[in-house]
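Worksheet: one structure, shown below.
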Amino acid sequence: MLLPFRSVLLLYTVLLSSLAVMLLWKPEKIVDSGLVGLMGAAMEVDPLVMTKDAKPLLSFLGLVFMLLSLSYWVPLLQDNMSYFTALVPIRALFNFGLSSFIYLRKQSPLSNSLAFTFAFCDLIIHFWLFASMNDERNKLLKKKENEEKAN
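Per full-length UniProt numbering, residue 1 is the first one in the sequence shown, and the count goes up by one each step.
In structure tokens form, the structure reads like this:
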């Protein structure tokens, strides 16, 4: 793997925290960003139109992301890797289902470019976390096996 599991996890947690802060103070920057527009146009998903009614909802979403990032910060700082071995595959499956739903049901209220971009990018990051977690676990098992053979 290119980066160790903890580094990717730290990167993801900082990204979630930054996204939460941006959604709380400047949601227009996120909604009008190039990545959101590009992903929405590529998947032919309707763009999220920024209205006065959408700003409180996006601020609430920022609070949800802040709580989500906190749920990653605490186990990360406590070095509780068993939490992540249970959480990462479930989140990856959930994001796959959400991305598929948004792509296939274009008339759903949930189907917008912001929701698809988050779900798809979250899926990619959780797949990366899952791959690096398994790689580190295999290296640890091989190391233990070699130590047992040496003794």
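Yeah, the Cβ is synthetic: ideal placement off N, Cα and C, and Gly gets one too. Source: prediction; values computed, not measured.
| request: Pull up the distance between the alpha-carbon of G37 and that of L10, whole angstroms please. | output: 26 Å
| task | Take M66 and list the residues in its own chain whose beta-carbon comes closer than 6 Å to its own, dropping the five residues that flank it on each side. | result | A20
| message | Does the segment 22-31 come into contact with the segment 84-96, if we say contact requires no fewer than three beta-carbon pairs (one atom in each stretch) closer than 8 Å? | response | no
| L68 (DSSP reduced to helix, strand or coil) | helix
| query | What do you reckon, are the CB atoms on I102 and S111 nearer than 8 Å? | reply | yes
| said: Would S99 and G40 be called neighbours here (beta carbons separated by less than 8 Å)? | reply: no
| Cα separation between W128 and S17? | 19 Å
| request: Tell me whether F84 is buried or exposed, calling it buried when 16 or more other Cβ atoms sit within 10 Å of its Cβ. | output: buried
| task | Starting from K52, follow the alpha helix (DSSP H) in both directions and report where the run begins and ends. | result | Unbroken run through K52: none, as it is neither H nor E.
| task | Could you have a look at R91 and say whether DSSP puts it in helix, strand or coil? | result | helix
| task | State the DSSP-derived secondary structure class of P109, mapped to helix, strand or coil. | result | coil
| Are L3 and L58 closer than 8 Å when you measure CB to CB? | no
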